[in-house]
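In my numbering, the protein residues as written are 588 to 875.
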């Protein structure tokens, strides 16, 4: 099943819009009046020349502190390399301005995995005259060092660790620090689920890595260790229950066995596995 990256980013930033600006654009954040924030409906544009349709990711109507007039913040997630992206940002800007006639602040989030320099402007010029110099704010996630963000009590920082610059050997430590951030922020269950689901979409540890993670968590200070382990177990149980429900609906006994094997590998006792999977105790014993 393909991942709808734009939808994931839209849900994340819609939920944590203020935190997003605070983390990456503090100079913008200090001017925004967050008492007046509303999310506008999606805009769909057709590029007649290219024969393609584009959907604007996120439009936010708000105000600046001390002002009555409304402004619009346009945030666009770009999950793949596109040389013509600055031109597309300008087209979005011009069409949105034509419709709303308000001051607009365009922001681009580059979330693909490759490292490259992305321009933040689009120009039209002649040797004798500059017609246009359009600029937009940018954040290039892969260029960010994830370790610079783990002290932030910011849910956006936690989720986007998964798209920042880390090496394969840092994956276990990355997830451990992510979980510590989640525990430290004491968010409600719905927000926790959103952040964990986002992170897990982009950072999937192998069973061996998950075991290494558990070992390292067990070496933490007792109070923090208990909270992180509780979070891990709670999320795993929900994921397993969801998988079981889908498996039962499809009537696939083999899927129950695969889930039982994973639970055994993670140290769950036979009785708990029996209760969740409805496999017989004898059959579970055979899977060991």
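No residue lacks a Cβ here, since even glycine has one placed at the ideal position from N, Cα and C.
Treat the numbers as computed from the prediction; the structure is a model and nothing was measured.
Since I believe residue j is in contact with residue i (beta carbons under 8 Å), could you give me their beta-carbon distance rounded to a whole number of angstroms?
i: residue 641; j: residue 666; result: That belief does not hold up - the Cβ atoms of residue 641 and residue 666 are roughly 13 Å apart, past 8 Å.
i: residue 866; j: residue 848; result: That pair is no contact at about 11 Å.
i: residue 770; j: residue 811; result: 7 Å
i: residue 782; j: residue 792; result: That pair is no contact at about 16 Å.
i: residue 708; j: residue 670; result: The pair is not a contact, with the Cβ atoms about 14 Å apart (cut-off 8 Å).
i: residue 816; j: residue 851; result: The Cβ separation is near 18 Å, so there is no contact.
i: residue 654; j: residue 695; result: Rounded, the Cβ-Cβ distance is 25 Å, inconsistent with contact.
i: residue 711; j: residue 718; result: 4 Å
i: residue 726; j: residue 701; result: Between residue 701 and residue 726 the Cβ distance is about 15 Å, and since that is not below 8 Å, they are no contact.
Does the beta-carbon distance from residue i to residue j come in below 8 Å?
i: residue 631; j: residue 646; result: no
i: residue 649; j: residue 619; result: yes
i: residue 661; j: residue 693; result: yes
i: residue 741; j: residue 609; result: yes
i: residue 728; j: residue 766; result: no
i: residue 599; j: residue 785; result: yes
i: residue 572; j: residue 606; result: Nothing about residue 572 can be reported from this structure: the residues present for the chain run from 588 to 875 only.
i: residue 691; j: residue 659; result: yes
i: residue 748; j: residue 761; result: yes
i: residue 644; j: residue 612; result: no
i: residue 857; j: residue 870; result: no
i: residue 657; j: residue 686; result: no
When you compare only the Cα positions, how much space is there between residue i and residue j?
i: residue 768; j: residue 789; result: 17 Å
i: residue 730; j: residue 722; result: 20 Å
i: residue 868; j: residue 845; result: 15 Å
i: residue 743; j: residue 861; result: 38 Å
i: residue 775; j: residue 706; result: 38 Å
i: residue 757; j: residue 805; result: 18 Å
i: residue 624; j: residue 603; result: 12 Å
i: residue 823; j: residue 794; result: 13 Å
i: residue 745; j: residue 703; result: 23 Å
i: residue 802; j: residue 787; result: 19 Å
i: residue 752; j: residue 796; result: 19 Å
* What are the uninterrupted segments assigned as alpha helix (DSSP H) that are 4 or more residues long and contained completely in the stretch 600-641, given in chain order? -> 604-611, 613-616
* Asked: Where in the stretch 678-749 do unbroken runs of the beta strand (DSSP E), each at least 3 residues long, occur, reported from the N-terminal end onward?
  -> 690-697, 708-713, 716-722, 724-727
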